[in-house]
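Residue numbering for the sequence shown follows the working numbering, starting at 276 and increasing by one per position.
Even for Gly, the Cβ is constructed at its ideal location relative to N, Cα and C.
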Amino acid sequence: MVICLIIDNPETTKHPVIGMVLQQLSATHTVRLLDVHRLTGDEAIAHEEVHPVADIYLLKSHTLQALKVAHHLEKRGAFVVNSWASSMACQDRVLMAQRMKEARLPWPRTWSFPSLENALGQHSLLSALPFPLIIKSRYSHRGDLVDRVHNVKQLQALAGQWNQEPFILQEFVHGDGWDIKLWIIDQQIFAARRRTPLEANAPKEDLPISTEKLPSDWRAITLEIGRVFNLRLYGVDLLLTEQGPIIVDVNSFPGFRGVAGADSALIALIERLVEKRQATVTTPVI
């Protein structure tokens with residue numbers, strides 16, 4: 276079978292998990308890369324159109340050009356994991372908040388703004404907001420804005436660098452100082468604790484949580500996210516509060532760095548998905 280990985284960083288092949296997966300798949304399958312880093316969306320489409328459609332496309336990159344080529348490939352009948360629509364819902368935090376609300380999943384109250392310039396002009400709204408708040412770029416990307424703001428003055432201080440950036444404000448969730456990191460490969464859940472990055476000098480070490488010790492509500496929330504967003508490969512961040520676990524982020528196709536067993540689970544899923552897809556394709560009789 277032919278597997279195509281859509282990336283935006285040539286170093287992806289050296290990633291401890293993704294690199295291992297590619298190496299093992301290459302032993303028995305044809306694996307090629309579509310690196311969109313220096314390409315526009317149209318150039319990426321043209322680059323891929325010289326090849327026959329692959330059996331499966333793995334959408335590791337979530338840049339605009341990667342999403343554009345994924346959408347184009349799906350229109351040609353290609354099988355993309357995660358799909359364009361699912362990936363878009365994870366990149367656009369406003370769309371994510373809407374999905375969470377519709378599904379009645381535990382999610383912080385969220386306000387969206389087209390720019391800081393626009394927000395700073397809404398004096399009555401700002402005066403009613405429950406500071407502190409978490410501010411995030413509307414569209415998730417490398418180097419995006421993620422911070423905690425305690426008042427309007429701190430919002431004003433961000434305007435110099437981020438004045439025209441579409442963004443959201445989220446209700447600050449008081450947790451226990453830990454982020455619960457969950458990684459999902461199809462229905463298989465991996466979990467760890469990590470000190471919240473909002474703490475000064477917080478260590479980035481993950482403390483694994485065995486699958487057997489996962490509380491049932493964590494598991495239920497995590498799998499429901501996969502159903503609502505139609506995701507097969509994703510990451511979830513939870514905070515534990517007095518009201519129960521709260522979702523604070525969802526990532527489409529994370530790197531699974533440091534997640535023991537993720538490489539073999541990824542390979543098994545990819546091969547299973549392609550075999551299932553090939554079985555449903557009817558070969559024309561000539």
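Taking just the CA atoms, how far does residue j sit from residue i?
{"i": "P405", "j": "A372", "result": "18 Å"}
{"i": "Q436", "j": "K479", "result": "27 Å"}
{"i": "I521", "j": "E487", "result": "21 Å"}
{"i": "Y509", "j": "A364", "result": "12 Å"}
{"i": "R470", "j": "I500", "result": "23 Å"}
{"i": "L515", "j": "T497", "result": "14 Å"}
{"i": "P285", "j": "D419", "result": "21 Å"}
{"i": "F531", "j": "Q463", "result": "13 Å"}
{"i": "L444", "j": "K350", "result": "35 Å"}
{"i": "N426", "j": "P441", "result": "19 Å"}
{"i": "V525", "j": "V325", "result": "34 Å"}
{"i": "P490", "j": "D512", "result": "15 Å"}
{"i": "G352", "j": "E550", "result": "16 Å"}
{"i": "H416", "j": "L506", "result": "19 Å"}
{"i": "I409", "j": "S387", "result": "12 Å"}
{"i": "V292", "j": "P529", "result": "10 Å"}
{"i": "E323", "j": "V355", "result": "14 Å"}
{"i": "E446", "j": "W453", "result": "17 Å"}
{"i": "T385", "j": "P472", "result": "20 Å"}
{"i": "Q366", "j": "V421", "result": "14 Å"}
Please confirm whether residue i and residue j have their CB atoms less than 8 Å apart.
{"i": "L391", "j": "N357", "result": "no"}
{"i": "I460", "j": "A540", "result": "yes"}
{"i": "V311", "j": "L297", "result": "no"}
{"i": "R502", "j": "I484", "result": "no"}
{"i": "V523", "j": "P407", "result": "no"}
{"i": "I281", "j": "K343", "result": "no"}
{"i": "D538", "j": "G519", "result": "no"}
{"i": "Y332", "j": "A341", "result": "no"}
{"i": "A319", "j": "L309", "result": "yes"}
{"i": "A434", "j": "L400", "result": "no"}
With 16 other CB atoms within 10 Å as the buried threshold, where does residue i fall?
{"i": "S361", "result": "buried"}
{"i": "K428", "result": "exposed"}
{"i": "T287", "result": "buried"}
{"i": "Q553", "result": "exposed"}
{"i": "A466", "result": "buried"}
{"i": "I561", "result": "Confidence at I561 is low in this model, with a pLDDT of 47, below 50, so the placement of that residue should be treated as unreliable; the coordinate-derived value is given next. Exposed."}
{"i": "F504", "result": "buried"}
{"i": "R411", "result": "Per the sequence shown, residue 411 should be read as Lys rather than Arg. Flag for K411 reads buried."}
{"i": "H337", "result": "buried"}
{"i": "R423", "result": "exposed"}
{"i": "E377", "result": "exposed"}
{"i": "D330", "result": "buried"}
{"i": "R313", "result": "exposed"}
{"i": "S527", "result": "buried"}
{"i": "R231", "result": "Limits of the chain in this structure are 276 at one end and 561 at the other, which puts residue 231 out of reach."}
{"i": "L300", "result": "buried"}
{"i": "L348", "result": "buried"}
{"i": "D451", "result": "exposed"}
I'd like the span of the beta strand (DSSP E) that includes residue i, first residue to last.
{"i": "A467", "result": "463-470"}
{"i": "L342", "result": "From DSSP, L342 is part of no beta strand (DSSP E) but of the alpha helix (DSSP H) over 339-350."}
{"i": "S387", "result": "385-388"}
Within the continuous alpha helix (DSSP H) that includes residue i, where are the two ends?
{"i": "T594", "result": "In the structure as shown, the chain begins at 276 and stops at 561. Residue 594 is therefore absent and cannot be evaluated."}
{"i": "T555", "result": "537-555"}
{"i": "D492", "result": "491-504"}
{"i": "N393", "result": "391-395"}
{"i": "V369", "result": "368-378"}
{"i": "L401", "result": "398-403"}
Query raised in the report: Curious, which full-length beta strand (DSSP E) runs of at least 3 residues does the stretch 413-453 contain?
Result: 421-424, 442-446
Query raised in the report: Curious, which full-length alpha helix (DSSP H) runs of at least 4 residues does the stretch 281-334 contain?
Result: 293-301, 316-324
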